[in-house]
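Below: the structure, in structure tokens.
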Amino acid sequence: MATAPGRLAVIATPIGNLEDITFRAVRILQEADLIAAEDTRVTRKLLNRYEIKTPLVSLYEQNERGRIPELIGKIEAGQTVAQVSDAGTPGISDPGYRLIKACLDADVKVEVIPGPTASITALVASGLPTDRFLFLGFPPPKTVGRRKWLEDLAEERGTLVMYESPHRVKQTLTDIAAVFGDRPLALARELTKMFEETVRGTAAEILEQLGDKTVKGEIVLIVGGKTRKSK
Ligand code: SAM
Numbered sequence: 238m239a240t241a242p243g244r245l246a247v248i249a250t251p252i253g254n255l256e257d258i259t260f261r262a263v264r265i266l267q268e269a270d271l272i273a274a275e276d277t278r279v280t281r282k283l284l285n286r287y288e289i290k291t292p293l294v295s296l297y298e299q300n301e302r303g304r305i306p307e308l309i310g311k312i313e314a315g316q317t318v319a320q321v322s323d324a325g326t327p328g329i330s331d332p333g334y335r336l337i338k339a340c341l342d343a344d345v346k347v348e349v350i351p352g353p354t355a356s357i358t359a360l361v362a363s364g365l366p367t368d369r370f371l372f373l374g375f376p377p378p379k380t381v382g383r384r385k386w387l388e389d390l391a392e393e394r395g396t397l398v399m400y401e402s403p404h405r406v407k408q409t410l411t412d413i414a415a416v417f418g419d420r421p422l423a424l425a426r427e428l429t430k431m432f433e434e435t436v437r438g439t440a441a442e443i444l445e446q447l448g449d450k451t452v453k454g455e456i457v458l459i460v461g462g463k464t465r466k467s468k
């Protein structure tokens, strides 16, 4: 049972289109005493759009350990601290987990204000089964590690959801083709933004379609789980 009068409000923010934010998120960002942001410059653009004047402090992986006690102290003194990441839901391949855990350990109230995440947006757009899925974050950056990581997932029946950077995506698709064969796949790019697209096919088909083109933008890969027919 939380005893402190303040609270941590973990707030999901847009993954591209700045209109993708809830009324509640905007209100709490306005009412909060402080916003802890992954990158204050990125969050400032969102705050400007909604004329939010709440002070900002940075909270990212390298300063988290030092900053968390300071933030908990403010909440215990009765303040509302909002936490946001650069895009989407904090804690999903983004800072969030450590602060939330520390607040809960300190018996401080944590409230999550739901909103966008690229993972679920891409999963739904993929047209692949959504009844069972596994969110994997980013694959290992090096080929050997990535192949082993994919091999360990080969028996998984749920749809696989992974983030990938544009400069590694072709290599990851090549590894997916080698390990999983011709399972259905969707590459969702620049979701909610001007050049949004979702390409569907097997990894080999998508690679062929990409050809020599440089892949740009933010990407989620959605891969069908193992079925009786698939590799
Ligand atoms: N917390 C975020 C969320 O809830 O989706 C994810 C943060 S993670 C550091 C950033 C990665 O998410 C990108 O490299 C990309 O894989 C994915 N991503 C974020 N925005 C996206 C978008 N608009 N379209 C496609 N993928 C996106």
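According to the working numbering, the sequence shown holds residues 238 to 468 in order.
All C-beta atoms in this analysis are idealised placements derived from N, C-alpha and C, irrespective of residue type, glycine included.
Residue i, enclosing alpha helix (DSSP H) - first and last residue
{"i": "Arg281", "result": "277–286"}
{"i": "Arg384", "result": "380–389"}
{"i": "Arg426", "result": "No alpha helix (DSSP H) contains Arg426, which is instead part of the beta strand (DSSP E) from 422–426."}
{"i": "Gln299", "result": "Unbroken run through Gln299: none, as it is neither H nor E."}
{"i": "Asp412", "result": "406–417"}
{"i": "Ala262", "result": "260–268"}
{"i": "Glu477", "result": "This structure cannot settle anything about residue 477, because the visible part of the chain is limited to 238 through 468."}
{"i": "Glu256", "result": "Per DSSP, Glu256 belongs to no alpha helix (DSSP H) and is neither H nor E."}
{"i": "Leu341", "result": "334–342"}
{"i": "Ile443", "result": "440–447"}
{"i": "Leu365", "result": "Looking at the DSSP string, Leu365 is not in any alpha helix (DSSP H), and its letter there is neither H nor E."}
Backbone CA spacing between residue i and residue j [nearest angstrom]
{"i": "Val406", "j": "Ala249", "result": "26 Å"}
{"i": "Lys453", "j": "Arg426", "result": "8 Å"}
{"i": "Ile309", "j": "Pro251", "result": "26 Å"}
{"i": "Arg394", "j": "Ala359", "result": "18 Å"}
{"i": "Thr411", "j": "Val345", "result": "46 Å"}
{"i": "His404", "j": "Leu293", "result": "32 Å"}
{"i": "Thr380", "j": "Thr409", "result": "8 Å"}
{"i": "Cys340", "j": "Gly243", "result": "11 Å"}
{"i": "Val361", "j": "Gln316", "result": "37 Å"}
{"i": "Asp368", "j": "Glu298", "result": "32 Å"}
{"i": "Gly418", "j": "Leu424", "result": "16 Å"}
{"i": "Leu284", "j": "Gly303", "result": "25 Å"}
{"i": "Arg261", "j": "Lys338", "result": "23 Å"}
{"i": "Arg383", "j": "Glu392", "result": "16 Å"}
{"i": "Leu245", "j": "Tyr287", "result": "21 Å"}
{"i": "Val247", "j": "Asp449", "result": "41 Å"}
{"i": "Pro327", "j": "Ile456", "result": "18 Å"}
CB of residue i within 8 Å of CB of residue j, strictly
{"i": "Ile258", "j": "Gly352", "result": "yes"}
{"i": "Thr439", "j": "Ser363", "result": "no"}
{"i": "Met399", "j": "Pro366", "result": "no"}
{"i": "Glu388", "j": "Val349", "result": "no"}
{"i": "Gly325", "j": "Thr396", "result": "no"}
{"i": "Leu266", "j": "Ala319", "result": "yes"}
{"i": "Asp342", "j": "Lys311", "result": "no"}
{"i": "Val279", "j": "Asp331", "result": "no"}
{"i": "Leu422", "j": "Leu458", "result": "yes"}
{"i": "Thr291", "j": "Ile305", "result": "no"}
{"i": "Ala414", "j": "Leu444", "result": "yes"}
{"i": "Leu296", "j": "Glu268", "result": "no"}
DSSP bridge partner residues for residue i (one or two, in chain order)
{"i": "Gly469", "result": "Residue 469 is absent from the model: the chain starts at 238 and stops at 468."}
{"i": "Glu434", "result": "Arg426"}
{"i": "Gly246", "result": "Strictly speaking, residue 246 in this sequence is Ala, with Gly absent from that position. Ala319, Glu348, per the DSSP bridge assignment."}
{"i": "Val398", "result": "Phe372, Ile459"}
{"i": "Gly325", "result": "Thr250"}
The beta strand (DSSP E) enclosing residue i, as first and last residue numbers
{"i": "Val294", "result": "293–295"}
{"i": "Ile272", "result": "271–274"}
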